[in-house]
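Enquirer: First the structure, which I've put down as structure tokens, then a few questions once you've had a look.
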Amino acid sequence: MGKKDLFGCCPYVTAQKVLSGKWSMYILYLLTEGPVRFNELQRRMPGEMTHTTLSRQLKTLENEGLIIRTEYQQIPPRVEYKLSEIGEKFRDVLTVLEAWGNEYIGYLNRKKADG
0 MGKKDLFGCC PYVTAQKVLS GKWSMYILYL LTEGPVRFNE LQRRMPGEMT HTTLSRQLKT
60 LENEGLIIRT EYQQIPPRVE YKLSEIGEKF RDVLTVLEAW GNEYIGYLNR KKADG
């Protein structure tokens with residue numbers, strides 16, 4: 000059975016496919032604090048993140064059902080993004096990833112100090 004056959008069946012392949020964007024987890028993390036406007040998200044992203052890349056990542060996360068895009072009809076136009084119901088369930092995963100990431104950073108620092 001190939002990787003494509005496992006999407007929707009295997010939780011690991013499914014999660015990997017849904018979160019495959021380079022910045023998807025960081026965007027989800029930023030949205031855990033509540034709704035965020037596009038320009039604010041862009042300001043909080045690393046410098047190499049272009050408007051086009053952020054827009055593409057947000058569209059992908061919206062299509063995957065992890066975030067909700069709300070457009071307010073006003074001048075100037077205002078667009079906000081927030082976690083969807085299934086996106087909210089990703090908070091626990093982010094907490095565990097943060098703990099592991101911090102442990103790994105400690106490991107890298109010890110390795111660097113020893114080397």
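FYI, numbering that gives the first Met the number 0 numbers position 10 of the sequence shown as 9, with every residue one higher than the one before it.
The beta-carbon is built from N, C-alpha and C at its ideal position, and this holds for glycine as well.
1) Taking contact to mean 3 or more Cβ pairs, one atom from each stretch, closer than 8 Å, check whether the segment 23-34 and the segment 80-89 are in contact.
2) Looking at C-beta atoms only, is the number of pairs between the segment 63-76 and the segment 2-11 that lie closer than 8 Å three or more?
3) How should V104 be labelled, buried or exposed, when 16 other C-beta atoms within 10 angstroms of its C-beta is the threshold for buried?
4) If we require 4 or more residues per run, which alpha helix (DSSP H) segments fall completely within the segment 41-71?
5) Between N38, A98 and Q56, which has its C-alpha nearest L18's C-alpha?
6) According to DSSP, is K81 part of a helix, a strand, or is it coil?
Expert: Reading off the structure:
1) With a cut-off of 8 Å, the segment 80-89 and the segment 23-34 count as touching, because enough Cβ pairs lie within range.
2) Under the 8 Å Cβ criterion, the segment 63-76 does not count as touching the segment 2-11, having fewer than three qualifying pairs.
3) The question names Val, but residue 104 in the sequence shown is Ile. An exposed status is given to I104, since fewer than 16 other beta-carbon atoms sit within 10 Å of its beta-carbon.
4) Scanning the segment 41-71 for uninterrupted alpha helix (DSSP H) segments of 4 residues or longer gives 50-62, listed from N- to C-terminal end.
5) Among N38, A98 and Q56, the Cα nearest to that of L18 is on Q56.
6) DSSP places K81 in strand when its eight states are reduced to three.
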